[in-house]
Structure formats: C-alpha cells, structure tokens
Amino acid sequence: MISRIPLVLLACGSFNPITHMHLRLFELARDHLHETGKYQVVEGIISPVNDKYGKKGLVSAKHRVAMAQLSVTTSNWIRVDSWEAEQDQWTETVNVLRHHYKELLHSIPHGAEVLRKCPTKKVPEVALSSQQRAVPQLKLLCGADFLETFQTPNLWKAEHVKDLMGAFGLVCVSRSGQDSLHLIQQTDHLALLQHHIHLVQEWIPNEISSTRVRWALRTGLSVKYLLPDSVISYINKHGIYAEQS
-1 MISRIPLVLL ACGSFNPITH MHLRLFELAR DHLHETGKYQ VVEGIISPVN
49 DKYGKKGLVS AKHRVAMAQL SVTTSNWIRV DSWEAEQDQW TETVNVLRHH
99 YKELLHSIPH GAEVLRKCPT KKVPEVALSS QQRAVPQLKL LCGADFLETF
149 QTPNLWKAEH VKDLMGAFGL VCVSRSGQDS LHLIQQTDHL ALLQHHIHLV
199 QEWIPNEISS TRVRWALRTG LSVKYLLPDS VISYINKHGI YAEQS
C-alpha cells in the first residue's frame, strides 16, 4: 500500500468575524482530500490578514485573532497562527504560504537540509517531487469567490500565480449554484494550472456571510448559531461591530 501524503491546509482571510462557515471549509476539504486516497490531512491553519490590508470595516487583528482562537478550542486539528497579522505590513498571500511551508520543513527530519538547497523565498521543488511522500504538502484553502480575484487585471503577479498553483495548489470549496470549473476554464492562467486545483462541492448549502453577520450585529439582530457562542460573547464584551464602534 502506498503511504498517503501528509498535507496541511492554510486559510488566509479577514475572518471579520470568523463564522461557522469558515470552519466548515476545513471539514469539507479534509473529507474530500481523504476520499482521494492520496492525502492525509494532518493540520489546518487559520491565518487572519494584517490590519494594513486596509479593507473597509476590518477590525483590529488582535480581535480577529482572538475570536479565531476561541472558535477552534473544540477542534483537535485546526489552529490559529498570528504570524501574518503581526507583521509590520500586509504580506502577499504567496509569501504567507512560503513562510508556513518553511516552518513545516523545520518541523521534520532533514527539513533544514532541503531548505539549504533552495533559493531565498522560494519553495524547494525537491520537497514536492522526489521527496513528496516524506515532506508534507501545503495547500491554500479558499472559497469559490477567491477564484474570481484571478480575473481582476494586475491584481496577481504572474510569478505568484505560478508559485501558488505549481508549488502549493488550491483546495476550493464551492457553494451551491457556483460553477467553479467554468470560471477556471474561462481564466487563462487558471486553466493552464487547473490540475493543481481541488474543487470541493459543499453538500449542505451554507450561506453564512461575515458581511451579513456584521450588518446584523450593527442593527442589533441575533447572530446565535451563525458564530460560535464564545465568539459572540467576545464581540459583546468588547463592543465590536456595534453601530457606534
């Protein structure tokens, strides 16, 4: 029997606030990857974006990291990493992946040796080819909306797309009614690298949106069962997302 490839899922995003939908992405992706018979998901990482990302309505990273940490207290395989949030500036997604991949290599035997053989800031290709059974893979976990960003002119650097897809790969969870395959085939640089994208179909529709949750909080509506209770308690305690905040 061929051993399964150990794999880590990394989700980058605002998590403003984190919802049950974000957590479900991890579970759906893990089930899909296990069903391929090729991978063994060993860890999930939530990486909240830096405040310098500058998105409208983005609350402080200290709150978003704290809420994310509260949300995974019942998980035995998903954790929160604050490295991206703690940087002096916003970090491009591919560089967040490179950072976590190097951290992975440092955690395994011979990982330091593999790192010495690769150029600075680059992913060691040897770790993903001849040694792929021994070295964990890292893939970016995202929703189907993320794929649409590749259609925005000049948003992605060509070399970053190549690294993101070729060295790492995507695990993309599509909601009901979303045709992610069609979107990939209509986007030239995605179509060329589509074999590096795992498409996962959400089998129970989940339309929870952080944007709608923030609206509900501003207007005083209940968000119970949309977010973990611990996150709701944190929001109430610190008064974030209220209309006056």
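So the sequence shown is numbered by our numbering: it starts at -1 and just counts up by one.
All C-beta atoms, glycine included, are put in the ideal place defined by N, C-alpha and C.
The model shown is predicted, which means the values in this text are computed figures rather than measured ones.
Inset, instruction - Can you tell me which of the three DSSP states S69 falls into? - result: Here S69 sits in helix by DSSP.
Legend entry - V133: CB within 7 Å of a non-hydrogen atom of the ligand ATP: By its list of ligands, the structure shown contains no ligand whatsoever, and the ligand ATP lies outside what it can speak to.
Inset, instruction - Can you tell me which of R2, V6, P4, F24 puts its alpha carbon nearest to the alpha carbon of Q199? - result: Ranking R2, V6, P4, F24 by Cα distance to Q199 puts F24 first.
Inset, instruction - Could you name the residues that DSSP lists as bridge partners for Q199? - result: According to DSSP, which records beta bridges pairwise, Q199 is partnered with S172.
Legend entry - DSSP state of I44 mapped onto helix, strand, coil: Annotated three-state conformation of I44 is strand, per DSSP.
Inset, instruction - Quick one: using the 10 Å Cβ neighbour count with 16 as the cut-off for buried, is Q183 buried or exposed? - result: A residue is called buried once 16 or more other Cβ atoms fall within 10 Å of its Cβ, and Q183, having fewer, is exposed.
Inset, instruction - Using only alpha-carbon positions, find the residue among E41, L136, I238, P15 that is nearest to E226. - result: As written in the sequence, residue 226 is Pro, which differs from the Glu given in the question. Relative to P226, the option among E41, L136, I238, P15 whose CA is nearest is P15.
Inset, instruction - Report the option in R77, L95, T34 whose CA atom is closest to the CA atom of D161. - result: The residue with the shortest Cα to Cα distance from D161 is L95.
Legend entry - Close Cβ partners of R173 (< 6 Å) along its chain, the five nearest in sequence each way excluded: Contacts found: E200.
Legend entry - Beta carbon of G42 nearer than 8 Å to that of L7: Judged by beta-carbon spacing, L7 lies within the 8 Å limit of G42, meaning their Cβ atoms are closer than that value.
Legend entry - Exposure label - P46; buried when at least 16 CB within 10 Å: Its Cβ being crowded by 16 or more others within 10 Å, P46 is buried.
Legend entry - Contacting residues, own chain, Cβ-Cβ under 6 Å from S228 (five flanking each side not counted): Taken in chain order, the residues that qualify are L68.
Legend entry - Exposed unless 16 or more other CB atoms sit within 10 angstroms - verdict on L219: With fewer than 16 other Cβ atoms within 10 Å, it is exposed.
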